[in-house]
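What follows is a set of notes on a single structure, which appears directly below.
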Amino acid sequence: MTVAFRDVRKVFPDGTVALDGFNLTFESGEFVVLLGPSGSGKTTACRILAGLEQASNGTVEVDGRDVTDLPPRARGMSMVFQNYALYAHKSVYDNIAYPLRVRGWARGEIDGRVRAVARLVQIETLLGRRPRQLSGGEAQRVAVARALVWEPSICLMDEPLSNLDAILRLQTRTQLKRLHTELGTTFVFVTHDQEEAMTLGTRIAVLKDGRLVQFDTPRTIYHRPATRFVAEFIGRPAMNTIDGTIANGRFEAGDFTLPAPGRADGPVTLGIRPEHIGLRRAAAPETISFRLDVIEVVEPDMLLFVERGDVHLVVRTEAAPEGLGHDTEVHLAFPEDRLHLFATRDGARLAQGVPPAP
Amino acid sequence: MSRPWRMVALAVLIMVLVVALTPYLWLIMTSLKTRLDALADNPVWLFTPTFEHYPKIFIDKGYLPLVMNSLVVATASTAISLAVGVPAAYVFARHDFPGKEDLFFFFLTTRMAPPISVVVPMFLMFTYVGLIDTRLSVILAHSTFNLSLVVWMMRGFFADIPREIDEAAQMDGHTRAGMFLCVLLPLAAPGMAATAVLCFILSWNEFLYAFILVAFEGRTLTVGIPGLVTPHGTLWGQVAAVAVVATLPIIVFTFLVQRHLVRGLTFGAVKG
Amino acid sequence: MSGTKAGGGILDRSVGILFLTPSVGLLVVLLLGPFVYMVVISFTDLNFALPGHDGNFVGFDNYRHLMRDDPVFWSSFRTTLAFVFGVVSIEFLLGFALALLLFHHIRRRRVVLTLLLIPMMLAPVAVGLMWKLMLQGEFGMLTHYLRAIGLMGPQTALLGDYRLVLATVMAIDVWEWTPFVTLVVLAGLLALPREPFEAAIMDGAGPWRVFRDITVPLLRPIIALVLLLRGIDAFKEFDKVFILTGGGPGTATELLSIYTWRVNFRQWDLGYGAVSAFMVYLVVLILCAVFYKAVYWTEGSQKS
């Protein structure tokens, strides 16, 4: 079963263009993450898929069928809302049972299914409670249970983890991944948190300003970001980017220069992730010295904030030599296979042949 | 929102509006019709308007003082209710003390008190102190329900102001009273305005208290109406004119205060 | 949410007392006083029409008379109950429907709503007058059209027919107060969170199910509020009935408030009239207590 957005455009009554020329296709069984900053259109795309919003232009297809004008209940999808949207006046049991009651299931069947799905998300003991008696994490699981109880082919989730505290978020992330593996339901997950996207998704759709920027596996997005935006958005801390020029086979930004064989002359942006910059004990032919400004300890790693002229970088390293302090000189190596090059004008990826991680 | 349903909804709405507004329009028209037009066997919808009834009733028959009385009574009872009620509302919003909700309930019952039940002993009490047949008696009577309206409405408005404002004002050096006067009151001013308008409307429209407590001198506009309706020969043009003057200002005020109407009419339970 | 305990506790308390006393004092004098006085009078024979009846204590005589020998009071009580139940239920159903209509289908709600509110903002006396005008037996606009479409005979006048007059007065009350129900229910609808509705749609519920399973339960506090407020106000109804019919013809529309007025200010039987006034007060107080519980509920559930 294939789901496709074809040239979807959404303009809101006040004039904001939430989606523009949005194209996305994915298969059943995937865990698709819609990732982007606020205003990127990810939630709008999700709601248009659900049928809660109407696309201004373009179509949405499920399995070759045009569902653009169909109401939500004809689409075979369920949704987990950011604020859970539980029915405050119903018990947890009745909340979960509701989709089945609406579909006219028999009471015995409903009971069996509700308890089964409650076991799945580990809330069997909460069935008699009311929503206001639940903690955030519990409420979230009830919402998930309600969305899965009737075994939809597609389950949509609009930033379901955003309202949870950090620890709970990590736990629930694992639970969701497990659910996906066990049930095989197609998940469409909206988030602005790139870490969530990278751990959960089978494929990530990165959105910016209402457009799809890249749709790939987490690995590919990490190692071959299609644009500077994707490169900087993924990874924490963000990828270092240096604006400079290529001249005579070398990249130059002030007095920071690296070999760039076989490249055309012109303005480029160089990118390298903090974890890929090498820290050497002593100066060597391939190292460039920087001045250390600030050290942040993020066990088991360290973040070194260095500078050389106008170039400021962040280095992430596991083992740091002794005697590092403010104003110390550090020697950094920049492996050629870890460098990314982007066009300065539009941020599009230039580098070819940067192999995936070993 | 499918097309045909929208049409039906619109049609129903128009019918409802017609039903809601025609009676009042008819009243206004009657006040502008000649006696012949008003009493015609077949209802007259198109006619040449005349303003003759207005001076006849207000000047010739001396009903103008009634307008004055209504104005004075409404303004005064509003002023008293605000002056006394706003500080009380502040206390309910910000302080805790034993019996607070019971006292609040007491304020509620005063708003709900049936005028017919209150006016009987009040009539006697005012007669004994010589207040009967004065505007003051009506002003005081109206203050009974306006005061609790003020307390109930303003409690909500004060509660809407975050406590941090109080604390910031205190850090800035204000005393409790100063904080109330210089910081909170200005912030609550829009709420007070809405409450004041609502009090004014309720007092202006009130009938029973004014009817019983005043015989002639302090008559308000509403009291003037029944007197003009007699079994033999009511002068409809004139009485309609009185009714129009008694109601038209209120329409204007309603537009002004519409946003806060829900809060006032439901004792702050619904914010609207 | 207790009051700030930060310093100046004594100052707080004196400010609190200072701010509260005038209002409490005013209400004690103007309401509690009369209430007590009313109860006191009810035990006397005070009567301005009969000589010698200047307030002698008569114990429970008045109460006994009311309970046993006064069919007029009880008929008036029944009339009032019929009035209250009739108008409140009709106003509720119509007002609710109208609120739904405005909520779902109408764009410029503010303007429309303000126009719709006019009937309830007019002075009730004026409302009585304008309907009296329209229902007048000879030249009344409505009378004419009702006769024209055959609903009324040439001799009937709605306000003069003892079989139809109560229903007529109730219809006028419905005209006047349905907007109130609409206003409050609409405010309630607008305050409802959007998500449970979207969740229900995603769960597969159609419009009717959404209404039944989500809208109505979430509106329960508002519904209770409206029913009680209208119930209490309808029980106290006086102004427009007074000018429309004065309680007549006969006692067909003699609501409790009108009956009480008649006993006190026409018959000047103030001792007995105080009992009737007390009865009215009592019913309202009971309804008040119920209302407060409902309001407390609303505030409670809003807080949580």
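Chains as they are written, first to last, in the numbering used here: chain P, -12 to 345; chain Y, 5 to 276; chain F, 2 to 305. All residues carry an ideal CB built from backbone N, CA and C; glycine is no exception. All figures in this text were calculated on a predicted structure; none of them were measured in a lab.
Task: Cβ neighbour criterion (16 or more within 10 Å) applied to F68(P) - done: Locating residue 68(P) in the first sequence gives position 81, where the first residue counts as 1. Buried, by the Cβ-count rule.
Task: Where D164(Y) falls: helix, strand or coil (DSSP) - done: Locating residue 164(Y) in the second sequence gives position 160, where the first residue counts as 1. In the structure shown, D164(Y) sits in a helix (DSSP, three-state: H, G or I).
Open item on the list: I need the DSSP call for A355(P), collapsed to helix, strand or coil.
Closed with: Outside the shown range of chain P (-12 to 345) lies residue 355(P), about which nothing can therefore be said.
TODO: Determine the burial state of G28(P): buried for a count of at least 16 other Cβ atoms within 10 Å of its Cβ, exposed for fewer.
DONE: Within the first sequence, residue 28(P) is the residue found at index 41, counting from 1. Per the 10 Å Cβ criterion, buried.
TODO: Taking K(-3)(P) as part of the alpha helix (DSSP H), name the residues at either end of that continuous run.
DONE: Indexing the first sequence from 1 puts residue -3(P) at position 10. Here K(-3)(P) belongs to no alpha helix (DSSP H); instead the beta strand (DSSP E) covers -11 to -2.
Task: D314(P) vs R278(P) beta-carbon contact at 8 Å - done: Walking along the first sequence from the start, residue 314(P) turns up at place 327. Walking along the first sequence from the start, residue 278(P) turns up at place 291. Yes. Within cutoff.
Open item on the list: What would DSSP say about N44(P), mapped onto helix, strand or coil?
Closed with: As a position in the first sequence, residue 44(P) is number 57, starting the count at 1. If DSSP states are grouped into helix, strand and coil, N44(P) belongs with the strands.
Open item on the list: Give me, in chain order, the residues of the same chain whose beta-carbon lies closer than 6 Å to that of R110(F); leave out the 5 immediate sequence neighbours on both sides.
Closed with: For this step, residue 110(F) is matched to residue 109 along the third sequence. These residues qualify, in order along the chain: L103.
Task: Cβ of D162(F) within 8 Å of any chain P Cβ - done: Within the third sequence, residue 162(F) is the residue found at index 161, counting from 1. Not one chain P Cβ lies under 8 Å of D162(F).
Task: Every unbroken alpha helix (DSSP H) inside the stretch 154 to 192 of chain F [4 residues or more] - done: 166 to 192
TODO: Please work out which residues of its chain come closer than 6 Å, Cβ to Cβ, to P261(P), disregarding the five sequence neighbours upstream and downstream, and give them in chain order.
DONE: Position 274 of the first sequence, counting from 1, holds the residue named residue 261(P). Closer than 6 Å at the Cβ level, and outside the excluded window around P261(P), lie P224, V301, V302, R303.
Task: First through last residue of the alpha helix (DSSP H) which encompasses M116(Y) - done: As a position in the second sequence, residue 116(Y) is number 112, starting the count at 1. It spans 104 to 116 - the alpha helix (DSSP H) in which M116(Y) sits, taken as one unbroken run.
Open item on the list: Just to make sure I have the definition right: I need the residues of chain F whose C-beta is within less than 7 Å of the C-beta of Y94(Y). Which are they?
Closed with: As a first step, residue 94(Y) must be located in the second sequence, where it is residue number 90. Those are F20, listed as they occur along chain F.
Task: Listed by chain order, chain F residues near S122(P) by CB distance under 7 Å - done: Position 135 of the first sequence, counted from the first residue, corresponds to residue 122(P). Those do not exist, as S122(P) stays about 14 Å from chain F at its closest Cβ, beyond 7 Å.
- [ ] Might you give, ordered along the chain, the residues of its own chain that have their beta carbon closer than 8 Å to the beta carbon of L288(F), omitting 5 neighbours on each side?
- [x] Your numbering for residue 288(F) matches position 287 in the third sequence. Counting only Cβ-Cβ distances below 8 Å, and skipping sequence neighbours, we find L229, G232, I233, F236.
- [ ] Could you list which residues in chain F have their beta carbon closer than 7 Å to that of A72(P), in chain order?
- [x] The residue you call residue 72(P) lines up with position 85 of the first sequence. The answer, in chain order, is E196, P197, E199, A200.
TODO: Output the distance between the C-alpha atoms of T113(Y) and L206(Y), rounded to the nearest integer angstrom.
DONE: As a working note, residue 113(Y) is residue 109 in the second sequence. As a working note, residue 206(Y) is residue 202 in the second sequence. In a straight line, the C-alpha of T113(Y) is about 17 Å away from that of L206(Y).
Open item on the list: For H178(Y), would you say it is in contact with chain F, using Cβ-to-Cβ distances shorter than 8 Å as the test?
Closed with: By one-based count along the second sequence, residue 178(Y) stands at place 174. Not an interface residue.
Task: Assigned secondary structure, Q127(P) (DSSP; H/G/I helix, E/B strand, else coil) - done: If you number the first sequence from 1, residue 127(P) lands on position 140. Note: Q127(P) maps to helix in three-state DSSP.
Open item on the list: Looking at chain Y, is there any beta carbon in it that lies within less than 8 Å of the beta carbon of S305(F)?
Closed with: Stepping through the third sequence from its first residue, residue 305(F) is reached at position 304. Unreliable placement is indicated for S305(F), whose pLDDT of 29 sits below 50; no coordinate value is reported for it.
- [ ] Anything in the stretch 208 to 237 of chain F with a Cβ closer than 9 Å to a Cβ of chain P? List those residues in chain order, please.
- [x] R210, D214, I215, P218, L219, R221
TODO: Could you give the DSSP three-state label for A60(Y): helix, strand or coil?
DONE: The count along the second sequence starts at 1 and reaches residue 60(Y) at position 56. Here residue 60(Y) turns out to be Lys, not Ala, going by the sequence shown. Reduced to three states, the DSSP call for K60(Y) is helix.
- [ ] Closer than 7 Å, Cβ to Cβ, to anything on chain F: give me those residues from the stretch 78 to 94 of chain P, in chain order.
- [x] Y85, P86, V89, R90
TODO: Determine which residues of the stretch 268 to 285 of chain F have a Cβ less than 8 Å from any Cβ of chain Y, and write them out in chain order.
DONE: L271, G274, A275, A278, F279, V281, Y282, V285
Task: C-beta neighbour in chain F for I216(Y), strict 8 Å - done: Stepping through the second sequence from its first residue, residue 216(Y) is reached at position 212. Interface residue, yes.
Open item on the list: Less than 8 Å between C-beta atoms, sequence neighbours within five positions excluded: which residues of the same chain meet that for V211(F)?
Closed with: The residue given as residue 211(F) occupies position 210 in the third sequence. Cβ neighbours of V211(F) beyond the five flanking positions: F198, A201, I202.
Task: Identity of the residue in V128(F), W176(F), F140(F) nearest L117(F) by Cα - done: As a working note, residue 117(F) is residue 116 in the third sequence. Here the closest residue by C-alpha is W176(F).
Open item on the list: Rounded to whole angstroms, what is the Cα-Cα separation between L36(Y) and I107(F)?
Closed with: For the purposes of this step, residue 36(Y) is identified with residue 32 of the second sequence, where counting begins at 1. For the purposes of this step, residue 107(F) is identified with residue 106 of the third sequence, where counting begins at 1. Cα-Cα distance, rounded: 34 Å.
TODO: With a threshold of 16 other CB atoms inside 10 Å of the CB of Q156(F), please say whether the residue is buried or exposed.
DONE: As a position in the third sequence, residue 156(F) is number 155, starting the count at 1. It is exposed - the Cβ of Q156(F) has fewer than 16 other Cβ atoms within 10 Å.
Task: Listed by chain order, chain P residues near D70(F) by CB distance under 7 Å - done: Within the third sequence, the letter at position 69 stands for residue 70(F). Result: empty, since nearest Cβ-Cβ is about 50 Å, beyond 7 Å.
Open item on the list: Would T179(F) and G96(F) qualify as a contact pair, given that the criterion is a beta-carbon distance under 8 Å?
Closed with: One-based indexing of the third sequence puts residue 179(F) at position 178. One-based indexing of the third sequence puts residue 96(F) at position 95. One thing to note: T179(F) has its Cβ within 8 Å of the Cβ of G96(F).
- [ ] Ignore the nearest five residues each way along the sequence and tell me which others in L57(P)'s own chain have a CB closer than 8 Å to its CB.
- [x] The residue given as residue 57(P) occupies position 70 in the first sequence. Once the five neighbours on either side are set aside, the close Cβ partners of L57(P) are G38.
Open item on the list: Using a Cβ distance threshold of 8 Å, determine whether the stretch 254 to 273 of chain F contacts the stretch 112 to 131 of chain Y, with at least three qualifying pairs required.
Closed with: yes
Task: Minimum C-alpha distance to T224(Y) - residue among A172(Y), E210(Y), H57(Y) - done: On the second sequence, residue 224(Y) is found 220 positions in, with the first residue counted as 1. Taking only the C-alpha atoms, the option nearest T224(Y) is E210(Y).
Task: Whole-Å CB distance - P212(P) paired with I191(P), under 8 Å assumed - done: Here residue 212(P) refers to the residue found at position 225 of the first sequence. Here residue 191(P) refers to the residue found at position 204 of the first sequence. With a Cβ gap of about 11 Å, P212(P) and I191(P) do not count as contacting.
Task: chain F contact residues for A200(Y), given Cβ-Cβ distances below 8 Å - done: As a working mapping, residue 200(Y) is identified with position 196 in the second sequence. By Cβ distance, chain F contributes nothing, its closest Cβ being about 16 Å from A200(Y), past 8 Å.
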